[in-house]
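There are 2 protein chains.
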Amino acid sequence: MTDPNVMTLDEIEDLAFRALTQAGTSATNARPLAKATAATEANGIASHGLAYIPTYCEHVRCGKVDGQAAPSVSRPAPSVITVDASTGFAHPAIELGFKELIPLAQAQGVAALAIHNSYNCGVLGYHTGQLAAAGLLGIGFTNAPASIAPVGGRRPAVGTNPFSLAAPDGDGAAAVLIDQSASVIAKSEIMKHARENLPIPPEWALDPDGQPTTNAAIALKGSMAPSGGYKGVGVALMVEIMAAAMTGATLGINASPFSGTKGGPPKTGQFFLALNPALTSGGLFNERLTSLVEEMRDQPGARLPGDGRRAARRRAERKGVNVNPTALEKINAWLAS
Amino acid sequence: MTDPNVMTLDEIEDLAFRALTQAGTSATNARPLAKATAATEANGIASHGLAYIPTYCEHVRCGKVDGQAAPSVSRPAPSVITVDASTGFAHPAIELGFKELIPLAQAQGVAALAIHNSYNCGVLGYHTGQLAAAGLLGIGFTNAPASIAPVGGRRPAVGTNPFSLAAPDGDGAAAVLIDQSASVIAKSEIMKHARENLPIPPEWALDPDGQPTTNAAIALKGSMAPSGGYKGVGVALMVEIMAAAMTGATLGINASPFSGTKGGPPKTGQFFLALNPALTSGGLFNERLTSLVEEMRDQPGARLPGDGRRAARRRAERKGVNVNPTALEKINAWLAS
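Sequences listed follow chains H and E, in order. If you're matching positions, the first sequence starts at 1 in the numbering used here and goes up one per residue. If you're matching positions, the second sequence starts at 1 in the numbering used here and goes up one per residue.
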């Protein structure tokens, strides 16, 4: 007897692809998103894997994202690539940009990719990891609807805005993959607690008066607590400047929500930097990174950013992924509709 | 009656310059450091202003830094500049690099500057602010001797490692200047408490077993608490990878201390990215940044990173700086010696 909830990575990609195309996404746009969905499940991040497919399908149907969009690429300067995602999915826009970014960064030493008119890009580290796989150091920023207030303020001004850095191992993967948001906790966790009428820890969020709250519903009307206080606001602001101001995308204060069907396309942005480590370090990068990683790993119980995803991926490649049955049911219902 | 502790910015620069040159620093190397000292005092950051001059002088004398060093610049790729600081001060190495970095980033859209064989660069945001003054978005990283342990570990592996982002206001200054370390508190605060035999708050540092401690002396044998837990470790690691691995500089685990006279030159590194916002944003950067800043400022009591420094600077330009009398005494004693 095989467990129907255990799927291979190919099966996950195929399921995501079928649902997305049935919803009206072009095959060209669905493929990178389906691949990322399988990789995300493999990395053990179920919240951003198949669980997102019903939302993506719904967003194609309601016009929050244009499933048929054709992203277009420009090179406004020798080391800069811009992509207009044309209110389509972020994944095909990033894939298109990376095709030019990777050889450009290898030759120039550093190159930048600025994407606007985009959408939620899923797990940011999935994308920077592609740069590391190509032997480059990748840095990424992506903005989201505003949910964190400025220091001393109460009204959300910047999103939970993650950044990511992927350092190449020189062998087709990332030796270190940092991928972290600017808030104490993901907003989806607070939404989940609100749906289930459960209290939240007081350090997660603030009420509309800027005071800590344990009421998830009130927290959603207030703001998310930044990680490390004002330093979390600093990270969120850095990301907002890079992903929105530096790309000409929509600021989090003006963006429509990533959830629900209202408000049209969010038109948020992504910014990526790709660097050639051998050129900047005089050939010393691999030795330095290896020493740093070894020093950290050499401590009992210590772990590095990216270790959890790598372990999950190895398990998934051997044994498949035990996917969320609710997500599976929803996708199958969508396919049958 | 004039207060001898109130000095103009020119007087501060002159005093720093005289002390540095008397200690054996060349005029070429002392000038950028003296200028930065005056700007740092103007920005209200007394801990990194004149208070550092006696240490700098001592380090020139003991050979921890080569006051006569001639930094050398190379361009290993079209968009990459590297500087070998030759175990001299970081400031002249950065100034030399910026002379090439600024026009290069303006033309290429993005350019990188990697510095190795360097020294403590003082206030990182002083340097990124120079890039913003030139109309560029500047990002900076600098590493320091290891003091933060990895997640799950107990032994320091990365420094309190700050990053900085300066966003240009298009009018010769920074509209936003983020400059923050990866730890809850500066290590110098813990050293000060240890000297004065004062307890520290339990959230500042960890003992050698990785447990919170209120004993400053024990904290100095343990590790610094990262800001926001594992996310602070992520920031410190990002900075270590950029400032040391990407430059070929010395890792924090192998660097000699920034304080004291032992261990020779620390040979740490700095990494800067400079970007042309008009080119990456299709000309929309100024409008986006202005909207973001206005939204944040429009809230009663809210403040932006860099606001405190700007207010201090305006005051200093009008009224001079009330400098730390102890620092002044030490410098005058040095000059008279």
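Cβ coordinates follow ideal geometry from the N, Cα and C atoms, glycine included. In this text, all values refer to a predicted model and were calculated from it rather than measured experimentally.
Considering residue i, what are the terminal residues of the alpha helix (DSSP H) in which it resides?
{"i": "residue 249 of chain H", "result": "Note, residue 249 of chain H: premise wrong, no alpha helix (DSSP H); not H, not E."}
{"i": "residue 308 of chain E", "result": "307-319"}
{"i": "residue 93 of chain H", "result": "90-108"}
{"i": "residue 257 of chain E", "result": "Looking at the DSSP string, residue 257 of chain E is not in any alpha helix (DSSP H), and its letter there is neither H nor E."}
{"i": "residue 65 of chain E", "result": "Neither: residue 65 of chain E is in no alpha helix (DSSP H) and is coded neither H nor E."}
{"i": "residue 82 of chain E", "result": "Element bounds for residue 82 of chain E: not the alpha helix (DSSP H) but the beta strand (DSSP E), 80-84."}
{"i": "residue 233 of chain H", "result": "230-240"}
{"i": "residue 280 of chain H", "result": "277-280"}
Would the beta-carbon of residue i be found less than 7 Å away from any heavy atom of the ligand MG?
{"i": "residue 289 of chain E", "result": "Ligands are entirely absent from the displayed structure, and the ligand MG is therefore not among its contents."}
So which residues on chain E does residue i lean against when the C-beta distance must stay under 9 Å?
{"i": "residue 80 of chain H", "result": "108, 109, 110, 275, 276, 279, 280"}
{"i": "residue 292 of chain H", "result": "157, 158, 237, 240, 241, 244, 245, 251, 252, 253"}
Does the beta-carbon of residue i have 16 or more other beta-carbons within 10 angstroms, so that it is buried, or is it exposed?
{"i": "residue 6 of chain E", "result": "exposed"}
{"i": "residue 129 of chain E", "result": "buried"}
{"i": "residue 340 of chain H", "result": "The shown model of chain H, from 1 to 337, leaves out residue 340 of chain H, and the question about it has no answer."}
{"i": "residue 111 of chain E", "result": "buried"}
{"i": "residue 67 of chain E", "result": "buried"}
{"i": "residue 1 of chain H", "result": "Residue confidence is low: residue 1 of chain H scores 48 on pLDDT, short of 50, so the model does not pin down where it sits. Its coordinate-derived value is still stated next. By the neighbour-count rule (16 or more Cβ atoms within 10 Å), residue 1 of chain H is not buried but exposed."}
{"i": "residue 187 of chain E", "result": "buried"}
{"i": "residue 260 of chain E", "result": "exposed"}
{"i": "residue 306 of chain E", "result": "buried"}
{"i": "residue 326 of chain H", "result": "exposed"}
{"i": "residue 138 of chain H", "result": "buried"}
{"i": "residue 84 of chain H", "result": "buried"}
{"i": "residue 275 of chain H", "result": "buried"}
{"i": "residue 333 of chain H", "result": "exposed"}
{"i": "residue 179 of chain E", "result": "buried"}
Output, in chain order, the set of chain H residues within a Cβ distance shorter than 8 Å of residue i.
{"i": "residue 176 of chain E", "result": "237, 241"}
{"i": "residue 201 of chain E", "result": "The premise fails here: residue 201 of chain E is roughly 13 Å from chain H at the closest Cβ pair, so nothing lies under 8 Å."}
{"i": "residue 285 of chain E", "result": "245, 246, 248"}
For residue i, which beta-bridge partners are listed by DSSP?
{"i": "residue 322 of chain E", "result": "E/6"}
{"i": "residue 142 of chain H", "result": "H/270"}
{"i": "residue 123 of chain E", "result": "Answer by DSSP bridge pairing: none, since residue 123 of chain E is not bridged."}
{"i": "residue 26 of chain E", "result": "Residue 26 of chain E pairs with nothing; no bridge assigned."}
{"i": "residue 224 of chain H", "result": "H/205"}
{"i": "residue 199 of chain E", "result": "E/215"}
{"i": "residue 288 of chain E", "result": "Answer is none; residue 288 of chain E lacks a bridge partner."}
{"i": "residue 303 of chain E", "result": "H/151"}
{"i": "residue 342 of chain E", "result": "Here chain E has residues from 1 to 337 only, and residue 342 of chain E is not among them."}
Any idea what DSSP makes of residue i, helix, strand or coil?
{"i": "residue 151 of chain E", "result": "strand"}
{"i": "residue 32 of chain E", "result": "helix"}
{"i": "residue 136 of chain E", "result": "coil"}
{"i": "residue 359 of chain H", "result": "In this structure chain H extends from 1 to 337, so residue 359 of chain H is not present and cannot be described."}
{"i": "residue 130 of chain E", "result": "helix"}
{"i": "residue 328 of chain E", "result": "helix"}
{"i": "residue 171 of chain H", "result": "coil"}
{"i": "residue 179 of chain E", "result": "strand"}
{"i": "residue 45 of chain E", "result": "coil"}
{"i": "residue 115 of chain E", "result": "strand"}
{"i": "residue 293 of chain E", "result": "helix"}
{"i": "residue 54 of chain E", "result": "helix"}
{"i": "residue 298 of chain E", "result": "coil"}
{"i": "residue 12 of chain E", "result": "helix"}
{"i": "residue 1 of chain E", "result": "With a pLDDT of 48 at residue 1 of chain E, under the threshold of 50, the predicted position of this residue should be treated as unreliable, and no value is reported."}
{"i": "residue 190 of chain E", "result": "helix"}
{"i": "residue 87 of chain E", "result": "coil"}
If the cut is a Cβ gap below 8 Å, which residues of chain E does residue i touch?
{"i": "residue 76 of chain H", "result": "109, 279, 280, 282"}
{"i": "residue 299 of chain H", "result": "149, 150, 152, 153, 154, 155, 157"}
{"i": "residue 289 of chain H", "result": "241, 245"}
{"i": "residue 114 of chain H", "result": "280, 281"}
{"i": "residue 133 of chain H", "result": "Simply none; closest approach about 17 Å."}
Along chain H, which residues have their Cβ under 7 Å away from the Cβ of residue i?
{"i": "residue 295 of chain E", "result": "157, 253"}
{"i": "residue 247 of chain E", "result": "280, 281"}
{"i": "residue 227 of chain E", "result": "228, 231"}
{"i": "residue 51 of chain E", "result": "Here the premise fails: no neighbours, minimum Cβ distance about 24 Å."}
{"i": "residue 137 of chain E", "result": "246"}
Between which two residues does the beta strand (DSSP E) carrying residue i extend?
{"i": "residue 75 of chain H", "result": "72-77"}
Chain E partners of residue i, CB-CB under 7 Å?
{"i": "residue 180 of chain H", "result": "231, 234"}
{"i": "residue 305 of chain H", "result": "234, 237"}
{"i": "residue 9 of chain H", "result": "Simply none; closest approach about 27 Å."}
Given that residue i touches chain H, what residues does it touch there, using C-beta distances under 9 Å?
{"i": "residue 165 of chain E", "result": "234, 237, 238, 241, 242"}
{"i": "residue 311 of chain E", "result": "Residues of chain H passing the Cβ test: none, with the nearest at roughly 14 Å."}
For the segment 142-158 of chain H, which residues have a CB atom closer than 9 Å to at least one CB atom of chain B, in sequence order?
Of the chains in the structure shown, none is chain B; the protein chains are H and E.
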